[in-house]
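**Student:** Sending over a structure as structure tokens; questions will come in a sec.
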Amino acid sequence: MPVLKGKELRIVGFLCNWCSYGGADTAGVGRFNQPTDLRIIRVPCSGRIDPLFVVKALMNGADGVLVSGCHPRDCHYAEGNFYARRRLEIMQRFLPVLGYEAERFEYTWVSASEGQRWQQVVASFTDQIHKLGPAPKIIGPQAADTLNQMAAAL
Amino acid sequence: MNNKNLYLPEMATINEVIEETANIMTFRVILNNPDAMENFSFEPGQVGQLSSFGTGEATFVINSPPTRKEYLQFSVMRAGEVTSKLHSLKPGDQVGVRAPLGNYFPYEDMKGKDILFIGGGIGMAPLRTLLLYMLDNRKDYGKITLLYGARSPVDMAFNYEVSSWLERDDLETHLTIDAEFEGWPHTVGLIPNVLLDIAPSPENCVAVTCGPPIMIKFTLQALEKLGFTDEQIVTTLEKRMKCGVGLCGRCNIGTSYVCMDGPVFTYAQLKELPNEL
Amino acid sequence: MELVKYLKSADLKSWLQELARENRVFAPRNEGDSVIFAPFDPEQEIAIVHPATLPPKKTVFPQSEKLVDFTYSKDPENLSRIMIDGKEVLPEGTAVVFGGRPCDVRGFTMFDRVYLAEKSTDIYYQARRENTTFITLACEKPETTCFCHWVDSGPTDATGSDVLATVVDGGYVLEALSDKGSKLLTSTLLENGESRKDEARKAHEKAAELLQDAPDLSGAPKKVLQVFDTMEFWEEAAAKCLSCGACAYLCPSCYCFNITDETIGMKGTRIRSWDNCMSAQFTMEASGHNPRPTKAHRLRNRVGHKFSYYPDIHDGVISCCGCGRCIKSCPVGTDIREIVLQAIEYEPAVGEEQADEQ
Amino acid sequence: MKFQEELKDSIRKALPDLDVVLGWCGSFDPLHATPHFIRREEDIDKLEISPLSVHNLATYLPGLRGKKVGIVVKGCDSRSVVELLQENLINREDITIFGFPCTGVVDQAKIKKALGHAGNVRTCDISDSAIVIQTEDKAHSLTLTQMLADKCRTCRYPDAIISDYFVGDKIGEPAPLETDYAALEAFESLSVPERFGYWLKELDRCIRCYACRSACPLCVCRDHCAAESRDPHWLSQENNVRDKVMFQVIHAYHMAGRCTECGECQRACPVDIPVLMLKQKMNREIRDIFQYEAGVDPEATPPLLSFNMEEENITEKEW
Chain L
18 MPVLKGKELR IVGFLCNWCS YGGADTAGVG RFNQPTDLRI IRVPCSGRID
68 PLFVVKALMN GADGVLVSGC HPRDCHYAEG NFYARRRLEI MQRFLPVLGY
118 EAERFEYTWV SASEGQRWQQ VVASFTDQIH KLGPAPKIIG PQAADTLNQM
168 AAAL
Chain G
14 MNNKNLYLPE MATINEVIEE TANIMTFRVI LNNPDAMENF SFEPGQVGQL
64 SSFGTGEATF VINSPPTRKE YLQFSVMRAG EVTSKLHSLK PGDQVGVRAP
114 LGNYFPYEDM KGKDILFIGG GIGMAPLRTL LLYMLDNRKD YGKITLLYGA
164 RSPVDMAFNY EVSSWLERDD LETHLTIDAE FEGWPHTVGL IPNVLLDIAP
214 SPENCVAVTC GPPIMIKFTL QALEKLGFTD EQIVTTLEKR MKCGVGLCGR
264 CNIGTSYVCM DGPVFTYAQL KELPNEL
Chain D
31 MELVKYLKSA DLKSWLQELA RENRVFAPRN EGDSVIFAPF DPEQEIAIVH
81 PATLPPKKTV FPQSEKLVDF TYSKDPENLS RIMIDGKEVL PEGTAVVFGG
131 RPCDVRGFTM FDRVYLAEKS TDIYYQARRE NTTFITLACE KPETTCFCHW
181 VDSGPTDATG SDVLATVVDG GYVLEALSDK GSKLLTSTLL ENGESRKDEA
231 RKAHEKAAEL LQDAPDLSGA PKKVLQVFDT MEFWEEAAAK CLSCGACAYL
281 CPSCYCFNIT DETIGMKGTR IRSWDNCMSA QFTMEASGHN PRPTKAHRLR
331 NRVGHKFSYY PDIHDGVISC CGCGRCIKSC PVGTDIREIV LQAIEYEPAV
381 GEEQADEQ
Chain H
13 MKFQEELKDS IRKALPDLDV VLGWCGSFDP LHATPHFIRR EEDIDKLEIS
63 PLSVHNLATY LPGLRGKKVG IVVKGCDSRS VVELLQENLI NREDITIFGF
113 PCTGVVDQAK IKKALGHAGN VRTCDISDSA IVIQTEDKAH SLTLTQMLAD
163 KCRTCRYPDA IISDYFVGDK IGEPAPLETD YAALEAFESL SVPERFGYWL
213 KELDRCIRCY ACRSACPLCV CRDHCAAESR DPHWLSQENN VRDKVMFQVI
263 HAYHMAGRCT ECGECQRACP VDIPVLMLKQ KMNREIRDIF QYEAGVDPEA
313 TPPLLSFNME EENITEKEW
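Residue numbers (the working numbering), protein chains in the order written: chain L, 18 to 171; chain G, 14 to 290; chain D, 31 to 388; chain H, 13 to 331.
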């Protein structure tokens, strides 16, 4: 898969230590070509992820956020990803009311052996974010653009 | 009106770090601007705001005496965010210093009098300044007695100096710990009880005390029992502070701002304040 | 050097636009259902018929402001060593605030005694205070929550203001009260106002007539301190208080603040932001000890500071300008007037008095 | 109110065994009520129940834990009590609940808008259908139903869900004046930048007093709120709209599956920011996914504290 053309966007990935981080590693070891917009933060379990991390990342300049954990029933801590699924689903549905497209955030499951699936997830999600374009920025140098855009929209 | 920026710290470099106890560290800092260091003057008992940029500021007494000017010394007990950050610093690291702030011990009025120091734990830090100052001007003062207590020998800060204090014949030093400890050659017992045992005479004497609130409470009672009047007892207070210059509004006890009108108060003054310690 | 001008209502926006060429101009406008002071925008209506929801406090004392910018850098000679450079960030430029009420602007005089004190002048505040000119609008009638006349002020008290504007038929009479104020009144849009001075005077008298009798608060400093240790008094007064910070942040004379560091990467800022004594964190010490552990203790400090401690230090001046926002906007209708009056009238129960004597 | 005297009698009967009873009484002007703490017999007479009894007194309950507390509740307030019981934040045996058939409370913001200005109210008379307000220069007659808070216009629980004393006749299931979430749905039909811009604009005037949090009956962290915490450092103290929006998201998320939409957050806001909508959005999603409603069953398990191996209403993304 070719690296996406144009400006790289900023995507934050929260990956569970036991499955998805291993899956990403497997993809790397297998030399599966992936776009490079994603920055990975390793967490113990998808259950560790406070859905507010997602919003915080978006508000601080991320264009997309991806969470990946163990497949349901495969959680290293037995139940972490079951709780995560409920919380993350709620947050995904909540995002639009804030003015973020729900598609800027996805959660999924990738096991340590699924290098191929990881490649597929990253490529597809990166593509999805590029289609949406950069998220509006509230702080930093582009904040003024947002305010202009906002003034125009209202 | 002066145009000094009240909030801009002088940048300083940590020159030496001394691990006093498991949770107390002493920092010796030197202001980066040599002129500022040269001209820095303060009085014993005054405090400073020590800051680690990115974390914040906290207030500590300058516990090196004004008579020793090669560095400024702060002893820091780990408790919150700022003190934890300070504890991670090493010699060479940068800190900010806003000092001196607040009032100081009335050392001029104490001239010619006997002095009784009663320090508990980290409360020894402010007393150290005055004690060293007095030792440097020894002839101005009468009999000096020190009662210094800590929970256990390992909780005793300034250990390295205490032995030299014990050796001096112009200073009567009593050390005490709360409970028996193997190899401890000094007194065992709570400070107020030991104080009653030593029973120093209140005549022409000023008691200077600092320590945790519970110790202060019972020490004041013991001093009263020994016949000390409220005017003869001096202590220092501590409050959460931000500005250190009487503006931010959190360290007041009624009309008194601990940062400006304190930290040093006589017991007589304390009794005048509303009860909000 | 008394300077009186007259401005036609229709010329108000043009005049503010003129002023906006050289100053940042703030005027009240509608935001949602509230009226707030915002940078003047000729496209938007100026909302001055009634007092604003928020006073113009932030024009001189911003909700947050930078004190020091700092940067980290690696020492080239010793890469493990982080150097820090701190630079002060001082406010620049001049501002004009139009449409504050007498109480709103008088609030700054409460700051002045503290922030411009000889021994500790706050140069951030000083810079803004000296570079901000207040065109204050005299009040025509009091609201139910107004009590400026209880605290030695009134609907046309221009203390702290530079120009007093009075609504008269067809426009405003503008009276300069300071050199700063006179300098603003040079526009060709302004007519000589001498002939309309009487009209303004009459409006002032009418406003004064509408006030109801004010109780005597001269005993407040002593009385409020007297109930300091009567915790039941404060517990009852604070029972319905939610311990939020609305009263303090809406208060033109509340001046407490916090200082915190915020860092992103190798850069950071030490900021000063509004803080309020109703917050538990305000006095919480790192040890876990809190000298004001409950909302009763905190409300005691808030009322005590305004009606006892501050007047004690500052020649009897009560640090409250009677704007009534803390009453009107309190989510549970806590009425500071009621608390002060109760403190003044408080008679300790007989048993308690005996206990005190013992 | 017809049952007010009956209510006073019930309180009079119960008061000897209670430290305090929470109700409402008159406030600084005739248009406002204020929470009333009844400690003594003579306090009972000041009790007034009316459409001005807007405050959700359940907010005080966790702070009074350990005391014997009586509380007068509207239907919506009782849901907060249920939720607090469900979360073990109060003890049922310490609480005595006084219910009454609530016909709705006013939205002060609507009245202010209708009057143009509400700073000089002289009298306020409320009948079953109208509010007549005399200001210094004019009498205004307002239709009560139009002045009702939005939550009352969609109310399904006018009678307290749980109570120890109930005065008056229960209303039962009323016909709502509006459908749920109509305003939310209208908002959701706006474009993405419009929605984003809306919050930046509305929250820009936030003064960070946190009245929204302090008035919330279920914001029980009180003195340990994420808003002021330095570790974790969720929010900076800077006056920027990012942190103001973020706080509202934190509040909404921490209320997920707990919020009963009593609307105190929005009512308390001194600068009238429509913060309730965020909680409504969260609630509607939770209702759609889990068919769950907070504060109706003290024994229920909240959706975020449980899971199903297979989630019926969650469709995961296919890659």
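Ideal Cβ positions, reconstructed from N, Cα and C, are used throughout, including at glycine.
1) Output needed in chain order: residues of the stretch 250-268 of chain H with a Cβ under 8 angstroms from some Cβ in chain L.
2) Using DSSP with H/G/I as helix, E/B as strand and the rest coil, what is S165/G?
3) Nearest-angstrom Cα distance between P19/L and K148/L?
4) Note down, one range per segment and in chain order, each alpha helix (DSSP H) of at least 4 residues found wholly within the stretch 165-213 of chain H.
5) Determine whether the beta carbon atoms of L105/L and V72/L lie at a separation below 9 angstroms.
6) Relative to chain H, which residues along the stretch 83-107 of chain L have a C-beta separation below 8 angstroms, given in chain order?
7) Would you mind stating whether L69/L and I28/L have Cβ atoms separated by less than 9 angstroms?
8) Where E328/H and H88/L are concerned, what is the direct C-alpha to C-alpha distance, given to the nearest angstrom?
9) Would you say M123/G faces chain D, with C-beta separation under 9 angstroms as the test?
10) Are the C-beta atoms of A312/H and some chain L residue less than 9 angstroms apart?
11) Buried or exposed, going by whether 16 or more other CB atoms sit within 10 Å of the CB of N150/G?
12) Opposite C223/G in the DSSP bridges: which residues?
13) In chain order, which continuous runs of the alpha helix (DSSP H) of length 4 or greater are located wholly inside the stretch 93-133 of chain H?
14) Give the list of continuous alpha helix (DSSP H) stretches no shorter than 4 residues that lie fully inside the stretch 193-229 of chain D.
15) Go ahead and pull the three-state DSSP assignment for E235/D.
16) Can you tell me which of S225/D, I165/D and K96/D puts its alpha carbon nearest to the alpha carbon of L214/D?
17) Does DSSP put Q15/L in a helix, in a strand, or in coil?
18) Could you check whether the Cβ of A195/H sits closer than 9 angstroms to any Cβ belonging to chain D?
19) What number of angstroms, rounded off, separates the C-alpha of D106/G from the C-alpha of E52/D?
20) Alpha carbon to alpha carbon, what distance is there between M273/G and S349/D?
21) Can you tell me which residues form a DSSP beta bridge with P69/D?
22) Do E56/G and N172/G come within 9 angstroms of each other at the CB atom, strictly closer than that value?
23) Helix or strand or just coil, what does DSSP make of N217/G?
24) Taking the C-alpha atoms as reference points, what is the distance between S63/L and M261/D?
25) Got a sec? Which residues, its chain only, sit under 6 angstroms from S212/D by beta carbon, not counting five neighbours each side?
26) Are the C-beta of K5/H and some C-beta of chain D separated by less than 9 angstroms?
27) Near F231/G, which residues of its chain fall below 7 angstroms by C-beta distance, leaving aside the five closest residues on each side in sequence?
28) Starting from the beta carbon of E288/D, find every residue of chain H whose beta carbon is closer than 7 angstroms, and list them in chain order.
29) Tell me, please, whether the stretch 101-120 of chain D touches the stretch 94-114 of chain G by the rule of three or more beta-carbon pairs shorter than 8 angstroms.
30) Considering only residues of the stretch 171-203 of chain G, which uninterrupted beta strand (DSSP E) runs meet the minimum length of 3 residues and lie entirely inside it, listed in chain order?
31) Hey, how far is the Cα of T124/D from the Cα of P92/D?
32) If we count the other Cβ atoms within 10 Å of its Cβ and call it buried at 16 or more, is H245/H buried or exposed?
33) Given a cut-off of 9 angstroms, decide if M228/G and G134/G are closer than it, judged by their beta-carbon atoms.
34) Suppose you measure from the CA of V219/G to the CA of A82/D; what does that come to, to the nearest Å?
35) Quick check: what's the CA-CA separation for P323/D versus M314/D?
36) Please check the pair I131/G and L208/G, which I expect to be a contact at CB under 8 angstroms, by giving their CB distance rounded to whole angstroms.
**Tutor:** Judging by the given coordinates:
1) With the criterion set as a beta carbon lying under 8 angstroms from some beta carbon of chain L, the members of the stretch 250-268 of chain H are N252, V253, R254, V257, M258, V261, I262, A264, Y265 and A268, in sequence order.
2) Stepping through the second sequence from its first residue, residue 165/G is reached at position 152. In the structure shown, S165/G falls within a coil segment according to DSSP collapsed to helix, strand and coil.
3) As a first step, residue 19/L must be located in the first sequence, where it is residue number 2. As a first step, residue 148/L must be located in the first sequence, where it is residue number 131. Residue placement at P19/L is poorly supported in this model, since its pLDDT is 47, which falls under 50; the coordinates still yield a value, given next. Distance between P19/L and K148/L, taken at the CA atoms: about 16 angstroms.
4) You should have 194-200.
5) Along the first sequence, one-based indexing puts residue 105/L at 88. Along the first sequence, one-based indexing puts residue 72/L at 55. Their beta carbons are not under 9 angstroms apart, which means L105/L does not touch V72/L by this criterion.
6) From the stretch 83-107 of chain L, only P89, R90, E96, F99, Y100, R102, R103, R104, E106 and I107 have a Cβ closer than 8 angstroms to chain H.
7) The residue given as residue 69/L occupies position 52 in the first sequence. The residue given as residue 28/L occupies position 11 in the first sequence. No; because the gap between Cβ atoms is not below 9 angstroms, this pair is not in contact.
8) As a first step, residue 328/H is located in the fourth sequence; it is residue number 316 there, counting from the start. As a first step, residue 88/L is located in the first sequence; it is residue number 71 there, counting from the start. For E328/H and H88/L, the distance between alpha carbons rounds to 11 angstroms.
9) For the purposes of this step, residue 123/G is taken as residue 110 along the second sequence, with counting starting at 1. No, no contact with chain D.
10) What you label residue 312/H is simply residue 300 of the fourth sequence in a count that begins at 1. No, its Cβ sits nowhere closer than 9 angstroms to a Cβ of chain L.
11) By 1-based counting over the second sequence, the position of residue 150/G is 137. Taking a 10 Å sphere around the C-beta of N150/G, we find fewer than 16 other C-beta atoms and assign the residue as exposed.
12) The sequence position of residue 223/G within the second sequence is 210, counting from 1. In DSSP, C223/G forms a bridge with G132/G.
13) For the stretch 93-133 of chain H, whole alpha helix (DSSP H) runs of length 4 or above, ordered along the chain, are 120-127.
14) With a minimum length of 4 residues, the continuous alpha helix (DSSP H) runs that stay inside the stretch 193-229 of chain D are 209-214.
15) Translated into the one-based positions of the third sequence, residue 235/D becomes position 205. Note: E235/D maps to helix in three-state DSSP.
16) Sequence index remark: in the third sequence, residue 214/D carries index 184 (1-based). Among S225/D, I165/D and K96/D, the Cα nearest to that of L214/D belongs to I165/D.
17) Chain L is shown from 18 up to 171; residue 15/L falls before or after that span and cannot be answered.
18) For this step, residue 195/H is matched to residue 183 along the fourth sequence. It does not; no Cβ of chain D falls within 9 angstroms.
19) Here residue 106/G refers to the residue found at position 93 of the second sequence. Here residue 52/D refers to the residue found at position 22 of the third sequence. In a straight line, the C-alpha of D106/G is about 45 angstroms away from that of E52/D.
20) Position 319 of the third sequence, counted from the first residue, corresponds to residue 349/D. Position 260 of the second sequence, counted from the first residue, corresponds to residue 273/G. Whole-angstrom Cα-Cα distance: 20 angstroms.
21) Position 39 of the third sequence, counted from the first residue, corresponds to residue 69/D. Beta-bridge partners assigned by DSSP to P69/D: F56/D.
22) The count along the second sequence starts at 1 and reaches residue 172/G at position 159. The count along the second sequence starts at 1 and reaches residue 56/G at position 43. No, Cβ-Cβ distance for N172/G and E56/G is not below 9 angstroms.
23) Sequence index remark: in the second sequence, residue 217/G carries index 204 (1-based). Three-state DSSP puts N217/G in coil, outside helix and strand.
24) By one-based count along the first sequence, residue 63/L stands at place 46. By one-based count along the third sequence, residue 261/D stands at place 231. Their Cα atoms are separated by approximately 49 angstroms.
25) Within the third sequence, residue 212/D is the residue found at index 182, counting from 1. Non-local C-beta neighbours of S212/D in its own chain, meaning closer than 6 angstroms and more than five positions away in sequence, comprise L33 and A206, ordered along the chain.
26) Here chain H comprises residues numbered 13 to 331, so residue 5/H is not present and cannot be evaluated.
27) Stepping through the second sequence from its first residue, residue 231/G is reached at position 218. Closer than 7 angstroms at the Cβ level, and outside the excluded window around F231/G, lie P205.
28) Position 258 of the third sequence, counted from the first residue, corresponds to residue 288/D. The displayed chain sequence assigns Asn, not Glu, to residue 288/D. Around N288/D, the beta-carbon contacts reaching into chain H at under 7 angstroms are Q249.
29) Contact holds: three or more Cβ-Cβ distances are below 8 angstroms.
30) Counting only runs of 3 or more, we get 185-190.
31) As a working note, residue 124/D is residue 94 in the third sequence. As a working note, residue 92/D is residue 62 in the third sequence. Taking the straight line joining both Cα atoms gives about 14 angstroms.
32) For the purposes of this step, residue 245/H is identified with residue 233 of the fourth sequence, where counting begins at 1. It counts as exposed.
33) Taking the first residue of the second sequence as position 1, residue 134/G is located at position 121. Taking the first residue of the second sequence as position 1, residue 228/G is located at position 215. It is a contact, given that the beta carbons lie within the stated cut-off.
34) Against the second sequence, residue 219/G aligns to sequence position 206. Against the third sequence, residue 82/D aligns to sequence position 52. The alpha-carbon atoms of V219/G and A82/D are separated by roughly 57 angstroms.
35) For this step, residue 323/D is matched to residue 293 along the third sequence. For this step, residue 314/D is matched to residue 284 along the third sequence. Those two C-alpha atoms are separated by around 8 angstroms.
36) As a working note, residue 131/G is residue 118 in the second sequence. As a working note, residue 208/G is residue 195 in the second sequence. With a Cβ gap of about 6 angstroms, I131/G and L208/G count as contacting.
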